[in-house]
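Engineer:
Numbering (our numbering), first residue to last: 123 to 292.
1. Please go through the same chain and pick out, in chain order, the residues whose beta-carbon is closer than 8 Å to the beta-carbon of residue 221, but skip the five residues on each side of it.
2. Which residues mark the beginning and the end of the alpha helix (DSSP H) in which residue 195 is found?
3. Take residue 209 and list the residues in its own chain whose beta-carbon comes closer than 8 Å to its own, dropping the five residues that flank it on each side.
4. For residue 261, which of helix, strand or coil comes out of DSSP?
5. So what's residue 283 in DSSP terms, helix, strand or just coil?
6. Within a Cβ cutoff of 7 Å, which residues of the same chain sit near residue 123, ignoring the five residues on either side of it in sequence?
7. To the nearest angstrom, how far is the alpha carbon of residue 182 from that of residue 248?
8. How is residue 270 classed by DSSP in three states: helix, strand or coil?
9. Would you list the one or two residues that DSSP bridges to residue 166?
10. Going by the CB atoms, is the gap between residue 282 and residue 235 shorter than 7 Å?
11. Indicate the three-state DSSP secondary structure (helix, strand or coil) for residue 127 in the structure shown.
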């Protein structure tokens, strides 16, 4: 919980306070805001308390932005993890960077970017086929292992996937 005190800081200790902002969470800030809103004019008097409330509103905004930034980073890592299986780590990071840049170019804010990344992950999870998971080298290796022509194996897998997609859509 955040303790509301009437302390004065000098510029040097003010920098320490900025570093301490990392430890604040939204719930603590909300509790402090609620306490001030309920008590200003009742047991807390003076402009100092209103100023502290404004600071808490700013802290809450900062904490929400920080939380959203962490969530976006986590989603980017999750997307990279899934794309690495398909394309390798370098190309996966490049693809994710392009996706994020396109979402940011819309200019609709961080929530839009977060939601766009969630949609990308869902589409990737729902749209994976055997061809997404195996490469041409894998098909050649499997065909030589089984003793089947690679083109025949590829067509066979394609037919099975098409039938399953047809069953799901029906």
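In this text, a Cβ means the ideal position worked out from N, Cα and C, and glycines have one as well.
Structural biologist: Reading off the structure:
1. Counting from 1 along the chain shown, the entry for residue 221 is found at position 99. Within the same chain, residue 221 has close Cβ partners 201, 238, 239, 242.
2. The count along the chain shown starts at 1 and reaches residue 195 at position 73. It spans 169-209 - the alpha helix (DSSP H) in which residue 195 sits, taken as one unbroken run.
3. The count along the chain shown starts at 1 and reaches residue 209 at position 87. Excluding positions up to five away in sequence, the list reads 217.
4. On the chain shown, residue 261 is found 139 positions in, with the first residue counted as 1. Residue 261: helix per DSSP, three-state reduction.
5. Taking the chain shown and counting its residues from 1, one reaches residue 283 at position 161. Helix at residue 283.
6. If you number the chain shown from 1, residue 123 lands on position 1. Low local confidence applies: a pLDDT of 48 at residue 123 is under 50, so the model's placement there is unreliable, with the coordinate-based value given in what follows. These residues qualify, in order along the chain: 150, 153.
7. One-based indexing of the chain shown puts residue 182 at position 60. One-based indexing of the chain shown puts residue 248 at position 126. When rounded, the distance between both Cα atoms is 36 Å.
8. Translated into the one-based positions of the chain shown, residue 270 becomes position 148. Per DSSP, reduced to three states, the secondary structure at residue 270 is coil, with no helix or strand assignment.
9. Indexing the chain shown from 1 puts residue 166 at position 44. BP columns for residue 166 point to 162.
10. Taking the chain shown and counting its residues from 1, the one referred to as residue 235 is at position 113. Taking the chain shown and counting its residues from 1, the one referred to as residue 282 is at position 160. No, the Cβ-Cβ distance between residue 235 and residue 282 is not below 7 Å.
11. In the chain shown, the residue the question calls residue 127 occupies position 5. Summary for residue 127: the model assigns pLDDT 48, below 50, so the residue's position carries little reliability; its value from the coordinates is reported in the next sentence. Note: residue 127 maps to coil in three-state DSSP.
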